[in-house]
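Engineer: Protein chains in written order, with the working numbering: chain H, 2 to 162; chain X, 2 to 162.
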């Protein structure tokens with residue numbers, strides 16, 4: 002298969018890779034950044050860490066590349082409109098126009114009512130292709146009560162059965 | 002928060018990070034390896050790539066560290082028992098005792114009836130803590146018809162609503 006065909010097939014295959022929807026946030030030079038994403042993975046418990054993959058063309062990339070701490074806010078099934086607001090034509094500070102946001106002591110915005118908010122020190126990063134993988138060592142966590150995350154699968158938002 | 006508390010809280014938070022369940026496979030020195038996992042992420046479309054996080058103590062780690070290509074088989078909601086077989090006390094070749102497996106031309110076993118099977122050349126890797134992140138450049142893909150992946154959330158297997 003050629004790379005172009007592979008990319009087309011890979012998009013189709015990834016529609017099957019159901020994922021919780023998160024909003025990754027950062028605070029840098031007095032500005033807040035937010036981006037909806039699904040390219041997130043648990044990494045290790047020793048040290049407690051997760052990773053995120055961010056396109057180098059995303060507005061969030063620059064603050065992260067500068068070493069800003071970040072927060073992975075796992076959205077609740079009821080927070081679909083926040084996911085949409087943080088992934089579409091709305092940019093910059095306006096992405097925080099919905100939901101209650103407060104700053105974690107480490108800096109990045111945490112979303113109240115999220116399934117969980119995982120605050121990370123920006124530990125190291127690796128570039129691959131268009132993207133950069135940021136590895137975060139977890140420094141603070143807030144977890145909600147009921148597990149009912151927003152899920153993205155087959156091009157649509159849903160929740161778990 | 003101390004690291005130990007953080008690890009406990011992180012486990013709870015990650016229960017909210019709903020994920021499709023995959024079985025990662027490899028073929029190395031004439032032996033087949035399989036491991037159920039959720040620590041998988043899309044990475045880039047240019048080049049088409051994904052990443053997986055594997056504990057350095059896992060039996061799958063050694064062949065991957067030796068550069069074996071791997072396949073990420075996204076399980077169908079009906080393939081829960083395959084996930085269980087590839088993550089429990091059953092080891093080695095016995096993990097292939099259920100389901101129809103065939104070898105991709107690149108080498109690793111592909112599961113028939115999976116939601117998708119994504120075959121990767123083992124491109125590079127990065128160690129962090131107990132785990133190693135393997136970056137795979139996608140070389141072959143098979144995609145099933147209907148999108149209905151097996152999902153793991155809140156410590157249980159389920160599917161999308």
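The beta carbon of each residue, even a glycine, is placed where N, CA and C say it ideally should be.
All values reported here derive from a predicted model rather than from experimental measurement.
Let's test the definition: count the other Cβ atoms within 10 Å of the Cβ of residue 15 of chain X and tell me whether it reaches 16, buried, or not, exposed.
Structural biologist: By one-based count along the second chain, residue 15 of chain X stands at place 14. The residue in question, residue 15 of chain X, is buried, as its Cβ has 16 or more Cβ neighbours within 10 Å.
Engineer: Buried or exposed for residue 128 of chain H, going by 16 or more other Cβ atoms inside 10 Å?
Structural biologist: As a working mapping, residue 128 of chain H is identified with position 127 in the first chain. Exposed, by the Cβ-count rule.
Engineer: For chain A, find out if any of its Cβ atoms is closer than 8 Å to the Cβ of residue 85 of chain X; answer yes or no.
Structural biologist: Absent here is chain A; the protein component of the structure consists of chains H and X.
Engineer: Can you give me, in chain order, the residues of the segment 128 to 142 of chain X that have a beta carbon less than 8 Å from any beta carbon in chain H?
Structural biologist: Listed by position, the residues of the segment 128 to 142 of chain X near chain H (Cβ gap below 8 Å) are 129, 130, 131, 132, 134, 136, 139, 140, 141, 142.
Engineer: By Cβ distance, which residues of its chain are closer than 6 Å to residue 46 of chain X, with the 5 residues on each side in sequence left out?
Structural biologist: Taking the first residue of the second chain as 1, we reach residue 46 of chain X at position 45. Same-chain partners within the cutoff: there are none.
Engineer: What does DSSP give as the partner residues of residue 126 of chain X in its beta bridges?
Structural biologist: Here residue 126 of chain X refers to the residue found at position 125 when the second chain is read from its first residue. DSSP, once it has assigned bridges, lists X:135 as partnering residue 126 of chain X.
Engineer: Count the other CB atoms, across all protein chains shown, that sit within 10 Å of the CB of residue 10 of chain H; report buried if there are 16 or more and exposed otherwise.
Structural biologist: Here the question's residue 10 of chain H lines up with position 9 in the first chain. Buried: at least 16 other Cβ atoms inside 10 Å.
Engineer: I want to verify the contact list: residues of chain H whose CB lies under 7 Å from the CB of residue 161 of chain X, in sequence order.
Structural biologist: Residue 161 of chain X sits at position 160 when you count from the first residue of the second chain. The answer, in chain order, is 19, 152, 154, 159, 161, 162.
Engineer: Provide the residue(s) that pair with residue 64 of chain H in DSSP beta bridges, ordered along the chain.
Structural biologist: Stepping through the first chain from its first residue, residue 64 of chain H is reached at position 63. In DSSP, residue 64 of chain H forms no bridge with anything.
Engineer: Kindly list, in the order they appear in chain X, the residues whose Cβ is closer than 8 Å to that of residue 54 of chain H.
Structural biologist: Locating residue 54 of chain H in the first chain gives position 53, where the first residue counts as 1. Those within 8 Å of residue 54 of chain H in chain X are 42, 43, 44, 45, 52.
Engineer: List the endpoints of the continuous beta strand (DSSP E) containing residue 1 of chain X.
Structural biologist: Since the displayed chain X opens at 2 and closes at 162, residue 1 of chain X lies outside it and no answer follows.
Engineer: Any beta carbon from chain H within less than 8 Å of residue 7 of chain X's own beta carbon?
Structural biologist: As a working mapping, residue 7 of chain X is identified with position 6 in the second chain. It does; some Cβ of chain H falls within 8 Å.
Engineer: Taking C-alpha atoms, which residue in X:12, X:65, X:118, X:53 lies nearest to residue 76 of chain X?
Structural biologist: Walking along the second chain from the start, residue 76 of chain X turns up at place 75. Out of X:12, X:65, X:118, X:53, X:118 has the C-alpha closest to the C-alpha of residue 76 of chain X.
Engineer: Spell out the partners DSSP gives residue 103 of chain X in its beta bridges.
Structural biologist: The residue you call residue 103 of chain X lines up with position 102 of the second chain. Beta-bridge pairing links residue 103 of chain X to X:111.
Engineer: What does the alpha-carbon distance come out to for the pair residue 148 of chain H and residue 37 of chain X?
Structural biologist: Within the first chain, numbered from 1, the residue matching residue 148 of chain H stands at position 147. Within the second chain, numbered from 1, the residue matching residue 37 of chain X stands at position 36. About 22 Å.
Engineer: With a cut-off of 8 Å, do at least 3 Cβ pairs link the segment 19 to 37 of chain X to the segment 58 to 72 of chain H?
Structural biologist: Touching, no.
Engineer: Hey, is residue 25 of chain X's beta-carbon within less than 8 Å of any beta-carbon in chain H?
Structural biologist: Here the question's residue 25 of chain X lines up with position 24 in the second chain. For residue 25 of chain X, the answer is no, since every Cβ of chain H falls outside 8 Å of its Cβ.
Engineer: Since residue 25 of chain X is in the alpha helix (DSSP H), which residue starts that stretch and which ends it?
Structural biologist: Indexing the second chain from 1 puts residue 25 of chain X at position 24. Note, residue 25 of chain X: premise wrong, no alpha helix (DSSP H); beta strand (DSSP E) at 23 to 29.
Engineer: Would residue 11 of chain H count as contacting chain X if we go by Cβ distances under 8 Å?
Structural biologist: One-based indexing of the first chain puts residue 11 of chain H at position 10. Residue 11 of chain H counts as touching chain X.
Engineer: Tell me the residue span of the alpha helix (DSSP H) that contains residue 83 of chain H.
Structural biologist: Locating residue 83 of chain H in the first chain gives position 82, counting from the first residue. Run containing residue 83 of chain H: 81 to 86, per the alpha helix (DSSP H) assignment.
Engineer: List, in chain order, every chain X residue whose beta-carbon is nearer than 9 Å to that of residue 33 of chain H.
Structural biologist: Mapped onto the first chain, residue 33 of chain H falls at position 32. None at all; the shortest Cβ gap to chain X is about 22 Å.
Engineer: So does the segment 149 to 161 of chain H actually touch the segment 122 to 140 of chain H, counting three or more Cβ pairs closer than 8 Å?
Structural biologist: Short answer: they don't touch.
Engineer: From the DSSP output, read off the bridge partner residues of residue 9 of chain H.
Structural biologist: The sequence position of residue 9 of chain H within the first chain is 8, counting from 1. DSSP lists no partner for residue 9 of chain H.
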